[in-house]
Amino acid sequence: MSSHPKDSKNLKYGHLALSTSGKLETSLTGNALLRSPYLNKGSGFTKEERETFQLHGLLPSNVQTLDVQVKRAYAQYSSRQDDIAKNTFMTSIKQQNEVLYYKLIQEHLKEMFPVIYTPTEGEAIQNYSGLFRKPEGCYLNIEDVDRVEDDMDQWGHADDVDLIVVSDGEQILGIGDQGVGAILISIAKLVIYTLCAGIHPSRTLPVVLDCGTNNKKLLEDELYLGLRQPRASGDKYDNFVGTFVDVCRKRYPRAYLHFEDFGLNNARRILDKYTPQIACFNDDVQGTGCVTLAAIMAAFHVNGVKWSEARFVMFGAGTAGTGIADQIKDAIAHETGKSTEEAGRQIFAVDKPGLLLKSKEKGLTPAQIPYAHDDSAWEGKRHDDLLSVVKEVKPHVLIGTSTVPGAFSKEVVEEMSKHVDRPVIFPLSNPTRLHEAKPQDLFDWTEGKALVATGSPFPPVQYDGKEVEISECNNSVTFPGIGLGAVLSRTRLLPPSLIVAAVKALASTAPVLKGTGAGLLPDVTGVREISVQIAKNVIQAAVKEGLNQEKEIPEDEDELEEWIREQMWDARYRELKLIEDEGASAHARGELGTNSHRRLGSIRHKRHMTK
Ligand SMILES: NC(=O)C1=CN([C@@H]2O[C@H](COP(=O)(O)OP(=O)(O)OC[C@H]3O[C@@H](n4cnc5c(N)ncnc54)[C@H](O)[C@@H]3O)[C@@H](O)[C@H]2O)C=CC1
Ligand SMILES: CC(=O)C(=O)O
Ligand SMILES: [Mg+2]
């Protein structure tokens, strides 16, 4: 998360925010320093710092290391009785001391990931107005569209922001319209960018576009903090989103824009509109497509299914479902030389009315149309429910993005198993309670043969006396690396070729391909290194397409990796240097300007100096 907007605006330390090593300069002292989460070290301030920054009398006397602070914070975390209490505790640590927050998670990544992300973050979002203590992030209001520029102006200058995550709150995870509570999904995604790809936490901006809400419960809740009116649509909505994008482009011309959890009728439309104009990404469409395709590639390596013959059933053909289908379609075309139209025929998408058919095209979204099948092939066959479609199609792969818990019933799974030896089954709906099936059931119903990955984390399943790890198929393994590549290359656009480059990097990291386990996807503990590989591929693809605005990108692969790693932020205390308040910002702008060559130069220089 970014520092307080005012700090950023005044550039107290902003001129060094891009750097990942060396001294941090600040004019803050005393309580103001302790209240700055980016700079605060709490009991970790050294004796000299306590002297220089006038901290005497404000801290207990013992100077402690970050490791000791992590131990204390972990004990406090562990004493919280349930996951939502743990989630709230983590939010409060983040608002006090960002280095401690990230270090604590890094040390307990597997345990804490589900608490700060799906599934617990979903619960926190549903209870946003009840749990609210402190505003975090940028709240934009559709009734104040004329003020969007001024409101965003609070968050600093062109060079202060690398990455913006924005949500309009209409389709949060699988829990629907959450109105202004969506700010928490923007924040959670940014936390993952920092944790998993070293995106500098002070150079990010979480945004919610408050368009009203159709969530009756929220509208009737006196604690609800957002606009208490029905969700806007049509021209009013488009004008608001358009104004926001224009302001981003003007105010933060080099920032990369990540759209999260927009509704079915807007997500794809907005992505298609802005992809040719700015460097933007829709995580639910593209991030989910990437990670799922990589998992399928690994599964086919295990079961030997060929792309030319593979049949896919997508259950829930919304934003994520069609995003995945698009990636699969392109992969089939690429692997087999078929046209994309022909490739699309291997995919059978099932939504509320059943199989998508050409005769129903009028009721389909533009993203669904490529998957509508000829009615003639289905004459006399049932196609209005999942089981009937599975019976007819005999799929090798079954993917759920429907938000319908239990939709992959015993009957459906046993039917699938009759026709294929090792069925690939991915229940991807989040949070956990919405999964189309539980991994343990999938193992039990297929005699342990199913190749499974899930949208939220699950504990290992027990089968035949053995414990089997379940891979998490969540876009969190791909979007951080893509964002890192986009930010470092300062790519002008993010066309499909850059997404394909990311899939290639991810696909090669599956434990089952590397011979390091049975997992179809790497687990979160190694994700920082995976992000380096994804970023490398994305940067190289941007350079190949001539899209990189950063011109000092090393050509040599090893050097490029080092260049990427050097610019990744990690959680450790850096020495502080007191500077005069007056003139600090002028100095700051002078040092960084908009020149990325000098920016990188200054990072290297500082790193060198600290060695
Ligand atoms: N694992 C991951 O990385 C990701 C998982 N997801 C999950 O996927 C789910 C869907 O998300 P979105 O695509 O954004 O939502 P969406 O609302 O765009 O799509 C859901 C689709 O499911 C369909 N559906 C609902 N009930 C159905 C039923 N009874 N039978 C057949 N289809 C039905 C809807 O009509 C809609 O087309 C959510 O639970 C979300 O958390 C989304 C993005 C990433
Ligand atoms: C993971 C994610 O982006 C979702 O469930 O919406
Ligand atoms: Mg999402």
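Residue numbers (our numbering): 1173 to 1783.
Just so you know, even glycine gets a beta-carbon here, dropped at the ideal spot from N, CA and C.
In this text, all values refer to a predicted model and were calculated from it rather than measured experimentally.
So, with DSSP's three-state summary, where would you put residue i?
i	result
residue 1551	coil
residue 1404	coil
residue 1574	coil
residue 1463	helix
residue 1634	strand
residue 1347	coil
residue 1192	coil
residue 1420	helix
residue 1334	coil
residue 1675	helix
residue 1641	coil
residue 1474	helix
residue 1431	strand
residue 1296	helix
residue 1528	coil
residue 1523	strand
residue 1412	helix
residue 1579	coil
residue 1511	coil
residue 1482	coil
residue 1586	helix
residue 1321	helix
residue 1339	strand
residue 1212	coil
residue 1289	coil
residue 1312	strand
residue 1394	coil
residue 1203	helix
residue 1663	strand
Which residues in the same chain as residue i place their Cβ atom closer than 7 Å to its Cβ, once the five residues preceding and following it in sequence are excluded?
i	result
residue 1586	1617
residue 1560	1554
residue 1115	Because residue 1115 is not part of the residues shown, which for the chain are 1173 to 1783, the question remains open.
residue 1516	1501, 1542, 1543
residue 1391	1385, 1400
With a threshold of 6 Å on Cβ separation, who are the neighbours of residue i within its own chain once the five nearest residues in sequence on each side are excluded?
i	result
residue 1651	1455, 1459
residue 1480	1508
residue 1539	1440, 1494
residue 1276	1242, 1245
residue 1295	1256
residue 1795	One cannot answer for residue 1795 here, as it falls past the ends of the chain, which runs 1173 to 1783.
residue 1343	1433, 1435
residue 1683	1689, 1691
residue 1769	Only weak support exists for where residue 1769 lies, its pLDDT of 25 falling under 50; the coordinates are left without a value.
residue 1284	1277
Give every residue of the same chain whose Cβ lies closer than 8 Å to the Cβ of residue i, excluding the five residues on either side of it in the sequence, and list them in chain order.
i	result
residue 1192	1370, 1372, 1738, 1739, 1740, 1741, 1742, 1775, 1779
residue 1465	1496, 1499, 1500, 1503, 1675, 1679
residue 1411	1317
residue 1408	1314
residue 1535	1525
Residue i and residue j: beta carbons closer than 7 Å?
i	j	result
residue 1380	residue 1352	yes
residue 1274	residue 1261	no
residue 1387	residue 1349	yes
residue 1705	residue 1679	no
residue 1301	residue 1396	yes
residue 1584	residue 1558	yes
residue 1324	residue 1423	yes
residue 1346	residue 1602	yes
residue 1606	residue 1664	no
residue 1200	residue 1336	no
residue 1523	residue 1489	yes
residue 1306	residue 1267	yes
residue 1645	residue 1685	no
residue 1629	residue 1402	no
residue 1565	residue 1485	yes
residue 1615	residue 1571	no
Check whether the Cβ of residue i sits closer than 6 Å to any heavy atom of ligand 5, and report yes or no.
i	result
residue 1345	Ligand 5 is absent from the structure shown, which contains only ligand 1, ligand 2 and ligand 3.
(message) Suppose only complete runs of 4+ residues qualify. What are the alpha helix (DSSP H) ranges in the segment 1711-1757, listed by chain order?
(response) 1729-1738
(request) Counting only runs of 4+ residues fully inside the segment 1218-1274, write out the alpha helix (DSSP H) ranges in chain order. (result) 1219-1224, 1238-1251, 1255-1268
(request) Starting from the N-terminal end, write out each residue whose C-beta falls within a distance shorter than 5 Å of any non-hydrogen atom of ligand 3. (result) 1433, 1456
(request) Report the residue ranges of all beta strand (DSSP E) runs contained in full by the segment 1356-1392; include only those spanning at least 3 residues, in chain order. (result) 1376-1382
(request) With a floor of 4 residues, list each alpha helix (DSSP H) that falls wholly inside the segment 1593-1622, ordered by position along the chain. (result) 1611-1617
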